[in-house]
Amino acid sequence: MGRCYSGFPHRKTWAANGESASGVLCYYQRRELVSTEKSQMAYIIAEPCIGTKDTACVDACPVDCIHPKKDEDGFAESDQLFIDPVECIDCGACVPACPVSAIFAQDDLPEKWAHFTEKNAAHFGR
Ligand code: SF4
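Our numbering puts the first residue of the sequence shown at 183, with every later residue one more than the last.
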């Protein structure tokens, strides 16, 4: 059993995957790091969704990471749909499904809608 920087014991450490002992990240630290990196690559739903909420993207998503769905609490109150940046696998399947072109890869998100990155993540408490 390995130990992370805080001394908390974990079953896995990143040393097992070839990193030096001085740079060891425990399994949970590494998972958190990957999630942070991933949140910078996820697809984002921006302003055109507001007031539209078509939900065709929900049906297109293979990992069920777009919410709220029509049958979920909060759908009526939410002004738009959101993509969970941790669960999104960056497949792009939702992009052509959207009738108002509201979904963008992080790198393609227009600057004027940059704040939608945080808005999507915040919906999921990320
Ligand atoms: Fe879902 Fe793929 Fe769109 Fe991410 S990019 S929200 S995984 S359909």
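Virtual Cβ for every residue (Gly too), placed ideally from N, Cα, C.
Note that the structure is a prediction, hence the values are computed from the model and not measured.
Span of the alpha helix (DSSP H) around residue i
i	result
Ala279	276-279
Phe298	297-305
Val240	238-242
C-beta atoms of residue i and residue j nearer than 8 Å
i	j	result
Phe298	Ile248	no
Ala238	Cys280	yes
Cys243	Ala275	yes
Trp295	Ala228	yes
Asp255	Gly233	no
Outcome for residue i when other beta-carbon atoms lying within 10 angstroms are tallied against a minimum of 16
i	result
Lys252	exposed
Leu263	buried
Val240	buried
Asp266	buried
Pro250	buried
Cys273	exposed
Own chain residues within Cβ distance below 7 Å of residue i, not counting five before or after
i	result
Ser221	In this prediction, Ser221 scores a pLDDT of 48, lower than 50, which makes its location untrustworthy; no coordinate-derived value is stated.
8 Å Cβ shell around residue i - same chain, five flanking residues per side excluded
i	result
Asp236	Cys280, Pro281, Val282
Own chain, CB closer than 6 Å to residue i, minus 5 neighbours either side, in chain order
i	result
Val277	Ile285
Ala287	Tyr225
Residue i - partner residues in DSSP beta bridges
i	result
Phe310	What is shown of the chain runs 183 to 308, which leaves residue 310 out entirely.
Ile132	Beyond the ends of the chain as shown, which are 183 and 308, falls residue 132; an answer cannot be given.
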